[in-house]
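The structure appears below as structure tokens.
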Amino acid sequence: MFTGIIEEVGVLASHTPGRLVVRAPRVAAEVALGDSVATNGICLTVARRDGEVLHFDYSNSTREVTTIADWRVGDRLNLEQALTLGTRLGGHLVAGHVDGVGTVRAVREGVEGVHVQVSVPPALQRYLIPKGSLAVDGISLTLVRVHADAVDLTIVPHTWANTSLADRRPGARVNLEADLLGKYVERLLVGGQGHTGGLTLEALAEQGYR
Numbered sequence: 171m172f173t174g175i176i177e178e179v180g181v182l183a184s185h186t187p188g189r190l191v192v193r194a195p196r197v198a199a200e201v202a203l204g205d206s207v208a209t210n211g212i213c214l215t216v217a218r219r220d221g222e223v224l225h226f227d228y229s230n231s232t233r234e235v236t237t238i239a240d241w242r243v244g245d246r247l248n249l250e251q252a253l254t255l256g257t258r259l260g261g262h263l264v265a266g267h268v269d270g271v272g273t274v275r276a277v278r279e280g281v282e283g284v285h286v287q288v289s290v291p292p293a294l295q296r297y298l299i300p301k302g303s304l305a306v307d308g309i310s311l312t313l314v315r316v317h318a319d320a321v322d323l324t325i326v327p328h329t330w331a332n333t334s335l336a337d338r339r340p341g342a343r344v345n346l347e348a349d350l351l352g353k354y355v356e357r358l359l360v361g362g363q364g365h366t367g368g369l370t371l372e373a374l375a376e377q378g379y380r
């Protein structure tokens, strides 16, 4: 589990099918083998550590549902270690499981920061609300406006200067993860395997709620 608050921007040193090598002095000094690190929003496991360099393996399924196949040597990557129970939750709950890939439509400088519009796949749109949260390449961001097929974001100067979002230009693909709590609420309301009725007034009445 993560918070979407980026700790370090690492640099991709090598990329072969199924294996990433990332230079990240700060994170590498703190992690151990088997630890989880959110890398541009993807939860990856540390397979090897060589000084300031971390090695990660990834599967074909990860390649298919994220932007990882787009990454090239020299790319900057947002890194965050898994949270602990004593960690301040400065962003929102992020699992590191990418729900879909969006595309940057526009980037424009403004008085309060940089305004960015990102397209959102149809399957994610139901989880988005104004002032709600969305992880974009692992960064916890607040939604300023929600459109039918896109969201508007305002990136404050600190976030713009300390993440790889500043590298994104119109047309760039980004990893998206919707708010985890929204997905659990939806599951409860619509029901799932073994719970075909979902949460209804009738179901609550059967349990003694009036």
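My numbering numbers the first residue of the sequence shown as 171 and each following residue consecutively. From the three backbone atoms N, C-alpha and C, an ideal C-beta is built for every residue, glycine too.
Put R233 into one of helix, strand or coil per three-state DSSP. In the sequence shown, the residue the question calls residue 233 occupies position 63. Helix at R233.
Would G211 and Y297 qualify as a contact pair, given that the criterion is a beta-carbon distance under 7 Å? Reading the sequence shown from its first residue, position 41 is the one you call residue 211. Reading the sequence shown from its first residue, position 127 is the one you call residue 297. No, the Cβ-Cβ distance between G211 and Y297 is not below 7 Å.
Whole-angstrom distance between L358 and A183, CA atom to CA atom: Sequence index remark: in the sequence shown, residue 183 carries index 13 (1-based). Sequence index remark: in the sequence shown, residue 358 carries index 188 (1-based). If you take the alpha carbons of A183 and L358, they lie about 43 Å apart.
Does S310 pass the burial test, meaning 16 or more other C-beta atoms within 10 Å, or should it be called exposed? Reading the sequence shown from its first residue, position 140 is the one you call residue 310. With 16 or more other Cβ atoms within 10 Å, it is buried.
Using the Cα positions of Q295 and R278, report the straight-line distance between them to the nearest angstrom. Along the sequence shown, read from residue 1 onward, the residue named residue 295 stands at position 125. Along the sequence shown, read from residue 1 onward, the residue named residue 278 stands at position 108. C-alpha separation (whole angstroms): 23 Å.
Where the alpha helix (DSSP H) through G352 begins and ends: Here the question's residue 352 lines up with position 182 in the sequence shown. It spans 350 to 360 - the alpha helix (DSSP H) in which G352 sits, taken as one unbroken run.
Spell out a yes or no on whether the segment 277 to 291 and the segment 238 to 245 are touching, meaning 3 or more CB-CB pairs, one atom from each, closer than 8 Å. These segments do not touch.
When you compare each of L253, R193, L263, A348 to H225 by their alpha carbons, which one comes out closest? Position 55 of the sequence shown, counted from the first residue, corresponds to residue 225. Of the candidates L253, R193, L263, A348, the one whose C-alpha sits nearest the C-alpha of H225 is R193.
Can you tell me whether R258 is helix, strand or coil according to DSSP? As a first step, residue 258 is located in the sequence shown; it is residue number 88 there, counting from the start. Three-state DSSP puts R258 in coil, outside helix and strand.
Quick one: is T333 buried, meaning 16 or more other Cβ sit within 10 Å of its Cβ, or exposed? Along the sequence shown, one-based indexing puts residue 333 at 163. Counting C-beta atoms within 10 angstroms of its own C-beta, T333 has 16 or more neighbours from the protein chains shown and is therefore classed as buried.
Buried versus exposed, by CB contacts within 10 Å (16 or more), A198: Numbered from 1 along the sequence shown, position 28 holds the residue referred to as residue 198. Flag for A198 reads buried.
On a Cα-Cα basis, can you pick out the residue from T324, S206, G261 that is closest to E140? Lying outside 171 to 380, the shown extent of the chain, residue 140 is not represented and no answer is given.
So what does DSSP say about H317, is it helix, strand or coil? Numbered from 1 along the sequence shown, position 147 holds the residue referred to as residue 317. DSSP places H317 in the coil class of the three-state scheme, outside both helix and strand.
How about V223 and L249: do their beta carbons lie closer than 7 Å? Here residue 223 refers to the residue found at position 53 when the sequence shown is read from its first residue. Here residue 249 refers to the residue found at position 79 when the sequence shown is read from its first residue. Pairing V223 with L249 gives a Cβ-Cβ distance that is not under 7 Å.
Would the segment 315 to 331 count as touching the segment 257 to 271 if we require 3 or more Cβ pairs under 8 Å? No, they do not touch.
Beta-carbon within less than 6 Å of L259's beta-carbon, same chain only, minus the 5 sequence neighbours each way: which residues are those? Here residue 259 corresponds to residue number 89 of the sequence shown, with the count starting at 1. Closer than 6 Å at Cβ, skipping near neighbours: T173.
Compare the Cα-Cα distances from I299 to each of W241, R233, D220, D349 and report the closest residue. Walking along the sequence shown from the start, residue 299 turns up at place 129. The shortest C-alpha separation from I299 is found at D349.
Counted within 10 angstroms of its Cβ, other Cβ atoms place V326 as buried (16 or more) or exposed: For the purposes of this step, residue 326 is taken as residue 156 along the sequence shown, with counting starting at 1. Around the CB of V326, fewer than 16 other CB atoms lie within 10 Å, so the residue is classed as exposed.
I'd like to check one pair, G308 with I175: are the Cβ atoms closer than 7 Å? For the purposes of this step, residue 175 is taken as residue 5 along the sequence shown, with counting starting at 1. For the purposes of this step, residue 308 is taken as residue 138 along the sequence shown, with counting starting at 1. No, these two residues do not count as a Cβ contact at 7 Å.
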